Amino acid sequence: MRDSSEWKPTSYRTHTIDQVARNGEKLVGTKVTVAGYAETVRGRGAICFLMLRDGTGKIQAFLKKDNMDEELFDSIQSATRESTIQVTGKVAMKRAPKVAEGDPVPPPEFEVNVESGDILAHADTPLPLGVTDDVRVGLDVRLDNRHLDVRRSHVNAMFQLRSKVLQYGREHLISEGFQEINSPKIIAAAAEGGTNLFPMKYFETDAYLSQSPQLYKQLAVLGGLERVFEIGPAFRAEKHDTYRHLNEFVSFDIEGAWMDDEDVMGVQERMIHHIWTRVLENDQALIGAVNEYRASQGNDPIQVTVPELPFPRIPYCEAIEIVKSGGGEIEWGDDIESHHCDIIAAKYPGFHFIPRWPMSMKPFYIHHKDEEKGSSGGQLSRGFDLNYGRDEMTSGGAREHRVEVLEQNLRDVGLDPGDFTFYTDGFRYGAPPHAGWGLGVARLLMVLTGAGNVREVVLFPRDRSRVTP
Ligand code: AMO
Numbered sequence: 289m290r291d292s293s294e295w296k297p298t299s300y301r302t303h304t305i306d307q308v309a310r311n312g313e314k315l316v317g318t319k320v321t322v323a324g325y326a327e328t329v330r331g332r333g334a335i336c337f338l339m340l341r342d343g344t345g346k347i348q349a350f351l352k353k354d355n356m357d358e359e360l361f362d363s364i365q366s367a368t369r370e371s372t373i374q375v376t377g378k379v380a381m382k383r384a385p386k387v388a389e390g391d392p393v394p395p396p397e398f399e400v401n402v403e404s405g406d407i408l409a410h411a412d413t414p415l416p417l418g419v420t421d422d423v424r425v426g427l428d429v430r431l432d433n434r435h436l437d438v439r440r441s442h443v444n445a446m447f448q449l450r451s452k453v454l455q456y457g458r459e460h461l462i463s464e465g466f467q468e469i470n471s472p473k474i475i476a477a478a479a480e481g482g483t484n485l486f487p488m489k490y491f492e493t494d495a496y497l498s499q500s501p502q503l504y505k506q507l508a509v510l511g512g513l514e515r516v517f518e519i520g521p522a523f524r525a526e527k528h529d530t531y532r533h534l535n536e537f538v539s540f541d542i543e544g545a546w547m548d549d550e551d552v553m554g555v556q557e558r559m560i561h562h563i564w565t566r567v568l569e570n571d572q573a574l575i576g577a578v579n580e581y582r583a584s585q586g587n588d589p590i591q592v593t594v595p596e597l598p599f600p601r602i603p604y605c606e607a608i609e610i611v612k613s614g615g616g617e618i619e620w621g622d623d624i625e626s627h628h629c630d631i632i633a634a635k636y637p638g639f640h641f642i643p644r645w646p647m648s649m650k651p652f653y654i655h656h657k658d659e660e661k662g663s664s665g666g667q668l669s670r671g672f673d674l675n676y677g678r679d680e681m682t683s684g685g686a687r688e689h690r691v692e693v694l695e696q697n698l699r700d701v702g703l704d705p706g707d708f709t710f711y712t713d714g715f716r717y718g719a720p721p722h723a724g725w726g727l728g729v730a731r732l733l734m735v736l737t738g739a740g741n742v743r744e745v746v747l748f749p750r751d752r753s754r755v756t757p
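One gets this note's numbering by counting positions in the sequence shown from 1 and adding 288 to each.
Here it is, written out as structure tokens:
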């Protein structure tokens, strides 16, 4: 399932299983060492077939008592499923299955004729979770046993897709001149409002876990780095219990100098376009593994369709009108909730931006949209969201770069500018206008993989009732 063609041998194997399977013809007669999990062990008496699986594929190992140490033969024959086993032997072509006349001849398959080996670790029985059998288990059991859950091929594929999304996102931003930074996660002041911070003891003083790299990515830009991005954890002490909220999530953030809200929406849509294009080009096998599982559960396949550029922009005021005309109850100044999003998504089924939110609904660092008022006369902002279906993927905006206005914004939301001097001082010596956004990685993955819950695409999720494993 993974392209391991460039992987080097390690102390435990000369080849990955996929390398043997792909190069079988060349390797026939060559001695190889492979290692993996025992998926099935069949055969009684003097012969035994071991199906061995590593992270790259599966191969049959053929064992004959006469050809090897008897004790080792017996222990492999009685090995429990998922035990880890290393085998050494010559590659051979498997006997071709009979095909009816006129039917296409399948490509040759290869096996390893085992001469020696080792059981590296025995698996306990019973397994708390079937790895290859289709046993339905709830999400909680899966998460309690994530170490086994990830061995399942569609789950493994989802986490490979997660890694690809980060890789393609990174490569796109680098191509647009952004550089990667790492901001502190132990902080003294809230970026997104003070109520949902996790407090922590920090030597003799109090500190918090960071909710967002917001203030620090801005400081990096003010400091002259111009275009930065960060992929890192964010912590929110919210008591939500939904399919899309976690208390720790990975936020994919950018910030750019000499840019406004429209400029960074452009960066966002080009990045998503690039991610989808690359997945379509390179990762059909991963999508296939997810779809194979979906089919087994009676679900429609996911389809990777590269979204058209530009994404629609539906300004907040227009979004409110769409919701109203679709029968939704909403007033100017209200948040756009999931059930409202459904009405908008019926008209705009793909990714769509909702720019120009009321200033009163956006954080203090967002820039006013000076020249424009909302339909009710309320102040609009240069803040936007990116939505897909009923979910918000991203929020962002142009930032307030005038220090007097910024301090007033802080006072307006009941915060003391004196607590933010580490941040506001960054604006005192010349501050370029700048903008940025923060994207929830797991939410984007829900769109790509068809997952119904962010927990499916987060390795070890943290929510109100889960801090282990
Ligand atoms: P915001 O708070 O909207 O904005 O967060 C940005 C994006 O992060 C994701 N997200 C979450 N994902 C899972 N669980 C959560 N509890 C959670 N909270 C947020 C969402 C959301 O759109 N500083 C701004 C960004 C900016 O303006 O640059 C911020 O953090 O997908």
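Note that beta-carbon positions come from the ideal geometry of N, C-alpha and C, so glycine has one too. All of these numbers come straight from a predicted model, not from anything done at the bench.
beta-carbon residue i near the ligand AMO non-hydrogen atom, thresh 8 Å
i	result
R524	yes
D623	no
S648	no
P767	The chain is shown from 289 up to 757; residue 767 falls before or after that span and cannot be answered.
F486	no
R383	no
D549	no
W725	yes
F350	no
V320	no
Q556	no
A409	no
E744	no
G685	yes
D541	yes
L534	yes
M553	no
E537	It is Phe, not Glu, that sits at residue 537 in the sequence shown. Under cutoff, so the answer is yes.
H528	yes
D673	yes
S500	yes
Where the alpha helix (DSSP H) through residue i begins and ends
i	result
W564	549-570
M649	Unbroken run through M649: none, as it is neither H nor E.
V516	Where V516 is concerned, there is no enclosing alpha helix (DSSP H), although the beta strand (DSSP E) it sits in stretches over 515-523.
N697	691-700
Y496	No alpha helix (DSSP H) holds Y496; the beta strand (DSSP E) holding it covers 493-497.
G685	Not the alpha helix (DSSP H): G685 falls in the beta strand (DSSP E), residues 679-686.
Terminal residues of the beta strand (DSSP E) in which residue i lies
i	result
S404	398-409
Y636	That residue, Y636, is in no beta strand (DSSP E); it is neither H nor E in DSSP.
Member of the options whose CA lies at the smallest distance from the CA of residue i
i	options	result
Y604	L534, I642, D700, E397	I642
G333	Q365, L360, T344, E550	Q365
M446	A477, Q506, E580, Q696	E580
K657	M649, L668, P651, R699	L668
H689	H410, S292, E543, F337	E543
T682	R430, M559, L698	M559
Y300	V329, E294, L408	L408
D541	K505, L431, R524	K505
E313	E389, P396, F337, S441	P396
G726	E619, D707, H655, G520	G520
A367	D412, E389, L574	D412
M553	R430, F361, P600	P600
K382	F337, D391, R424	F337
V578	A739, F361, I654, D529	A739
F710	R644, S613, M649, L503	L503
Beta-carbon proximity of residue i to residue j, cut-off 9 Å
i	j	result
Y636	I590	no
G684	D588	no
D679	R731	yes
H628	A607	yes
N675	I632	yes
A495	I474	yes
V538	V746	yes
I305	G345	yes
E468	Q499	no
P646	E514	no
L431	F748	yes
Own chain partners of residue i with C-beta closer than 8 Å, once the 5 adjacent residues on each side are dropped
i	result
V308	L315, V320, V322, I347, V379, F398, V400
W564	V592, T593, V594, P595, L736
E403	K319, N355, M356, T376, G377, K378
R750	L534, N535, E536
F652	E688, L694, N697, L698, D700, V701, L703
V453	I563, V567, V729, L732, L733, L736
H410	A367, T368, S371
Beta-carbon proximity list for residue i, same chain, < 6 Å, skipping 5 on both sides
i	result
R341	G324, Y325, E327
A478	L485
Spatial neighbours of residue i in its chain, beta-carbon cut-off 7 Å, leaving aside the 5 residues before and after
i	result
N741	L427, Y531
H561	V594, P595, L597
P705	E695, L698, R699, T712
V419	E370, L436, R439, R440
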